[in-house]
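*Asks:*
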Amino acid sequence: MHISELTTPAVVVDEPALERNLATMCDAHPGAALRPHVKAHKTSELARRQAARGHRGFTAATVRECVGMAEAGLGEDLLLANEVLDMTRLGAIIEAGARVTVAVDSEAVAQAAVAGGVREVLIDVNVGLPRCGCAPTDAGALAELCRSLELEVRGVMGYEGHLMLVADPADRARQTEECMALLLAAHADVGGDIVSGGGTGTWTTNTWVSELQAGSYALMDTAYAAIPDVPFEQSLTVLATVISVNPGGWAVVDAGLKAFGMDHGNPSIPGADVWFCSDEHTVYSMQDGAPLPAVGERVRMVPAHIDPTCALHERMHLVDADGTVLETWPVDLRGW
Ligand SMILES: Cc1ncc(COP(=O)(O)O)c(C=O)c1O
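What follows is the structure, encoded as structure tokens:
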């Protein structure tokens, strides 16, 4: 099949660009030094490509992502890097042979892990992002509590998510160091082998973690493309069809805000100015006096934020440089 035969809107992944992204990250963080975050793509077949490069452990944000990865045979070492209160489905996959470690930032979550049949935890430490995580000074006591509940404490995690899009590399590096000083102090109190954290934006500035939790690097988006020292390519686009062209100077495609994660802004169209998105439309004009497309032409649009974009689509099509569809992957880790 050729890309021109796909029903639009359709998620299309440029395989050569994807493989270059995987290779670049793998060179910098080989093997267990990278624990790819599957929430970015929610696709076990893409995770299989990451595993083929030697990353056997994965990060997840939902129980569904863990269960789906285990079902796909990729459950060798899963980290649920998020607080969850109903872990019963995790106990079931652990019984069946998956290894699942969960983040814990309170006694209630530790008790939920025990009740759900989870045996291994990381202490989740707040390193500055106002989200989950215990105070660094409480981490040691929480680890003790977990051990008293007969949970194995493998170490700590702390996600510096508020720094990912800090544009100035020197500023990002300085702030990363401050955050990781908190995490390392907590680690000294907690023990264990793992210091987990980081993401695509801190892929070079975070030199303190034992494993980087990057996810977006594989597919990328325009928000990350604005960061100068993040070299990964935008390998995912949303294919759309021009459905109307107005002599007033604009064109309309059939992919709107229901086809894109919009929290980082509108999608982009190379060579065009996007005016706005509505439910099922994006309206745009051409730059530099370029001619408008004809009705029926295909346009490849670049999302501003990859994670919520993937979560909206049932499948992604892997294509080669000439637009041949090589494989179609279900986005099978969606849901909760
Ligand atoms: C806990 C955690 N770790 C890692 C990441 C990966 O970040 P990125 O997709 O920017 O690589 C995220 C993303 O939000 C996250 O929430």
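Going by the working numbering, 222 is the number at position 218 of the sequence shown; the sequence numbering is gapless.
Backbone N, C-alpha and C define an ideal beta-carbon position, used for all residues, glycine too.
Since the model is a prediction, treat every value here as computed from it, not as a measurement.
What I want to know is whether the C-beta of M168 ends up closer than 7 Å to one or more non-hydrogen atoms of ligand 1.
*Replies:* Stepping through the sequence shown from its first residue, residue 168 is reached at position 164. M168: yes, Cβ under 7 Å from ligand 1.
*Asks:* Could you tell me which whole alpha helix (DSSP H) segments of length 4 or greater appear in the segment 174-253?
*Replies:* Taking only runs of at least 4 residues, the alpha helix (DSSP H) segments lying wholly in the segment 174-253 are 226-229.
*Asks:* Beta carbon of Q238: closer than 7 Å to some heavy atom of ligand 1?
*Replies:* Counting from 1 along the sequence shown, the entry for residue 238 is found at position 234. False, no ligand heavy atom lies under 7 Å from that Cβ.
*Asks:* Once the 5 residues before and after V299 are set aside, which same chain residues still bring their CB inside 6 Å of it?
*Replies:* Along the sequence shown, one-based indexing puts residue 299 at 295. So the qualifying residues of the chain are V246 and V249.
*Asks:* Which residue from I97, D193, L167 and W279 puts its Cα closest to that of A143?
*Replies:* Here the question's residue 143 lines up with position 139 in the sequence shown. Ranking the options by Cα distance to A143, first place goes to D193.
*Asks:* Would you mind reading off the limits of the beta strand (DSSP E) that contains T105?
*Replies:* Position 101 of the sequence shown, counted from the first residue, corresponds to residue 105. Segment V104 to V108, the beta strand (DSSP E) holding T105.
*Asks:* For E156, which residues does DSSP report across the bridge?
*Replies:* Locating residue 156 in the sequence shown gives position 152, counting from the first residue. Paired residues: E124.
*Asks:* So, are the CB atoms of L187 and G165 less than 8 Å apart?
*Replies:* Within the sequence shown, the letter at position 183 stands for residue 187. Within the sequence shown, the letter at position 161 stands for residue 165. Contact flag unset, no.
*Asks:* When burial is assigned at 16 or more other CB atoms within 10 Å of the CB, is D175 buried or exposed?
*Replies:* Position 171 of the sequence shown, counted from the first residue, corresponds to residue 175. With fewer than 16 Cβ atoms within 10 Å of its Cβ, D175 is classed as exposed.
*Asks:* Kindly indicate which three-state DSSP category G293 falls into: helix, strand or coil?
*Replies:* Along the sequence shown, read from residue 1 onward, the residue named residue 293 stands at position 289. It is coil, neither helix nor strand.
*Asks:* DSSP three-state call for A342: helix, strand or coil?
*Replies:* Summary: the structure shown does not reach residue 342, with the chain confined to residues 5 through 340, and so no result is reported for it.
*Asks:* Would you check whether ligand 1 has a heavy atom nearer than 7 Å to the C-beta of Y288?
*Replies:* Locating residue 288 in the sequence shown gives position 284, counting from the first residue. Y288: no, Cβ never under 7 Å from ligand 1.
*Asks:* Using a Cβ-Cβ cutoff of less than 7 Å, which residues in the same chain neighbour D109 once the five nearest sequence positions on both sides are dropped?
*Replies:* Taking the sequence shown and counting its residues from 1, one reaches residue 109 at position 105. For D109, where only same-chain residues beyond five positions count, the Cβ hits under 7 Å are E87, D128, C136, G137 and C138.
*Asks:* Pick helix, strand or coil for T313, following the three-state DSSP scheme.
*Replies:* The residue labelled residue 313 in the question sits at position 309 within the sequence shown. Here T313 sits in helix by DSSP.
*Asks:* Return the chain-ordered list of same chain residues with a C-beta closer than 6 Å to the C-beta of A76, the five sequence neighbours on each side being excluded.
*Replies:* As a position in the sequence shown, residue 76 is number 72, starting the count at 1. Within the same chain, A76 has close Cβ partners S48.
*Asks:* Quick one: any contact between the segment 20-30 and the segment 270-288, if contact means 3 or more CB pairs under 8 Å?
*Replies:* The segment 20-30, when compared against the segment 270-288, does not touch it at the 8 Å Cβ threshold.
*Asks:* P274: which of W333, R304 and V323 sits nearest, CA to CA?
*Replies:* Along the sequence shown, one-based indexing puts residue 274 at 270. For the residues W333, R304 and V323, the minimum Cα distance to P274 belongs to R304.
*Asks:* Given this structure, state the Cα-to-Cα distance separating C281 from L243, to the nearest angstrom.
*Replies:* The sequence position of residue 281 within the sequence shown is 277, counting from 1. The sequence position of residue 243 within the sequence shown is 239, counting from 1. The alpha-carbon atoms of C281 and L243 are separated by roughly 15 Å.
*Asks:* Quick one: what does DSSP say P140 is sitting in, helix, strand or coil?
*Replies:* Taking the sequence shown and counting its residues from 1, the one referred to as residue 140 is at position 136. Helix at P140.
*Asks:* With contact counted as at least three CB pairs below 8 Å, one residue from each stretch, are the segment 153-161 and the segment 111-129 in contact?
*Replies:* Yes, the segment 153-161 touches the segment 111-129.
*Asks:* Would you tell me roughly how many angstroms separate the C-alpha atoms of A55 and G120, rounded to the nearest one?
*Replies:* Sequence index remark: in the sequence shown, residue 55 carries index 51 (1-based). Sequence index remark: in the sequence shown, residue 120 carries index 116 (1-based). Approximately 27 Å, taken between the alpha carbons.
*Asks:* Just checking H41 against ligand 1 - is the residue's beta carbon closer than 7 Å to any of the ligand's heavy atoms?
*Replies:* If you number the sequence shown from 1, residue 41 lands on position 37. H41 Cβ: within cutoff of ligand 1.
*Asks:* Using 8 Å as the Cβ pair cut-off and three pairs as the minimum, do the segment 312-330 and the segment 24-42 touch?
*Replies:* Too few Cβ pairs lie closer than 8 Å, so no.
*Asks:* Which word fits G72, buried or exposed, when buried means at least 16 other C-beta atoms lie within 10 angstroms of its C-beta?
*Replies:* Here residue 72 refers to the residue found at position 68 when the sequence shown is read from its first residue. Buried, since its Cβ has 16 or more Cβ neighbours within 10 Å.
*Asks:* Does the beta-carbon of E9 have 16 or more other beta-carbons within 10 angstroms, so that it is buried, or is it exposed?
*Replies:* The residue labelled residue 9 in the question sits at position 5 within the sequence shown. Exposed is the call here.
*Asks:* Between the Cα of W333 and those of V15, I7 and T180, spot the shortest distance and give me the residue it belongs to.
*Replies:* Residue mapping note: residue 333 aligns to position 329 of the sequence shown, counting from 1. With distances taken between Cα atoms, W333 lies closest to V15.
*Asks:* Among L169, H309 and H191, which has the Cα closest to the Cα of E148?
*Replies:* Position 144 of the sequence shown, counted from the start, is the residue given in the question as residue 148. Ranking L169, H309 and H191 by Cα distance to E148 puts H191 first.
*Asks:* Can you name, in chain order, every residue of its own chain whose Cβ lies under 7 Å from the Cβ of A325, other than the five neighbours on each side?
*Replies:* Stepping through the sequence shown from its first residue, residue 325 is reached at position 321. For A325, where only same-chain residues beyond five positions count, the Cβ hits under 7 Å are P20.
*Asks:* Do you know offhand how far A112's Cα is from L89's?
*Replies:* Here the question's residue 112 lines up with position 108 in the sequence shown. Here the question's residue 89 lines up with position 85 in the sequence shown. In a straight line, the C-alpha of A112 is about 8 Å away from that of L89.
*Asks:* Counting Cβ pairs closer than 8 Å, one from the segment 36-43 and one from the segment 215-227, do we hit at least three?
*Replies:* Yes, the segment 36-43 is in contact with the segment 215-227.
*Asks:* With a threshold of 16 other CB atoms inside 10 Å of the CB of T105, please say whether the residue is buried or exposed.
*Replies:* Residue numbering aside, residue 105 sits at position 101 when the sequence shown is read from its first letter. Under this definition T105 is a buried residue.
*Asks:* Indicate whether L83 and A64 have their beta-carbon atoms separated by less than 8 Å.
*Replies:* Position 79 of the sequence shown holds residue 83. Position 60 of the sequence shown holds residue 64. Contact: yes.
*Asks:* Can the beta-carbon of E284 be found less than 8 Å from the beta-carbon of D258?
*Replies:* Locating residue 284 in the sequence shown gives position 280, counting from the first residue. Locating residue 258 in the sequence shown gives position 254, counting from the first residue. Yes.
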